[in-house]
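Chains as they are written, first to last, in this note's numbering: chain H, 75 to 143; chain D, 2 to 148. For each residue, glycine too, the CB sits at the ideal point set by N, CA and C.
Structure, rendered in structure tokens:
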């Protein structure tokens, strides 16, 4: 899970490997804030799969690649 | 997750913030008034529930996501300290978890070009950068360190 300057850098880094998913860094920041916001709260409880999937869905991270087990 | 493990988990994360790094089992045992072996046993249960990640060889913490227990390519300055994140996602996650702005220092894995990103009000100051996730979500926990 890395940051890159451009699509060209990603393609070169991947080489022969199958690509995963690429999203803009602003969406990553939104994802991280939705995912980790409560991590240090004394009221933290384990997130269910459904809660985590909802975070992805709300950011339109949908399709098979973003489907949690 | 039972109440005892939840308490241990929350204490562990509180120690991360207090110390500015992941704690050793001995430090959490002392803070909790528990035996060292009890902390390790609790951490193993939390590991199996994906609430933290242990180093299998040492039973010490490898990841208290988004915080890393080892140096990584993702350094984050936030809340007056430098932290290590496990990946790009977790680098933003450290700002999110601490509820503060921050500065992420890393480099492009292809070119090695330094990348420095300020996070202000949950927004990166360079919105041209791209995030690549290689492993599909269904397989993230097959090998979370690789992911």
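- Closer than 7 Å to the CB of residue 93 (chain D) there is at least one CB belonging to chain H.
- Inter-residue distance for residue 139 (chain H) and residue 134 (chain D) is about 10 Å (C-alpha atoms, whole angstroms).
- Chain-ordered, the chain H residues with CB closer than 9 Å to the CB of residue 2 (chain D) read 119, 120.
- The Cβ neighbour count for residue 83 (chain D), taken over all protein chains shown within 10 Å, is under 16; the residue is labelled exposed.
- Annotation: residue 103 (chain D) is outside any alpha helix (DSSP H); the continuous beta strand (DSSP E) that includes it extends over 103-108.
- Within the region 85-110 of chain H, contact with chain D at the beta-carbon level (separation under 9 Å) is assigned to 85, 86, 87, 88, 91, 92, 93, 94, 95, 96, 97, 98, 99, 100, 101, 102, 103, 104, 105, 106, 107, 108, 109, 110.
- When 7 Å is used as the limit between beta carbons, residue 81 (chain H) is near these residues of chain D: 131, in chain order.
- Contact with chain H is absent for residue 33 (chain D), since none of that chain's Cβ atoms lies less than 7 Å from the residue's Cβ.
- Spatial neighbours of residue 45 (chain D) in its own chain (CB-CB distance under 8 Å, excluding positions within 5 residues in sequence) are listed in chain order as 55, 60.
- For residue 118 (chain D), the beta-bridge partners assigned by DSSP are D:105.
- At a C-beta separation below 8 Å, residue 113 (chain H) has these neighbours in chain D: 14, 66, 67, 94, 97, 98.
- Contact check for residue 142 (chain H) against residue 101 (chain H) fails: the beta carbons are separated by 7 Å or more.
- In this model, residue 19 (chain D) and residue 80 (chain D) are separated by some 11 Å (Cα to Cα).
- Looking at the DSSP output, residue 133 (chain D) bridges to H:76, H:96.
- Here the region 83-102 of chain D lies against the region 95-109 of chain H, with 3 or more beta-carbon pairs under 8 Å apart.
- Considering only beta carbons, the part of the region 108-125 of chain D lying closer than 8 Å to chain H consists of 109, 110, 111, 112, 114, 116, 118, 120, 123, 124, 125, in chain order.
- By the neighbour-count definition (other C-beta atoms within 10 Å, threshold 16), residue 103 (chain D) is a buried residue.
- Chain-order list of chain D residues neighbouring residue 142 (chain H): 138, 139, 141, by C-beta distance under 9 Å.
- For residue 13 (chain D), the number of other beta carbons within 10 angstroms of its own is at least 16, and it is reported as buried.
- Taking residue 81 (chain H) as the centre and dropping the five residues before and after it, the same chain places the C-beta of 96 closer than 8 Å to its C-beta, in chain order.
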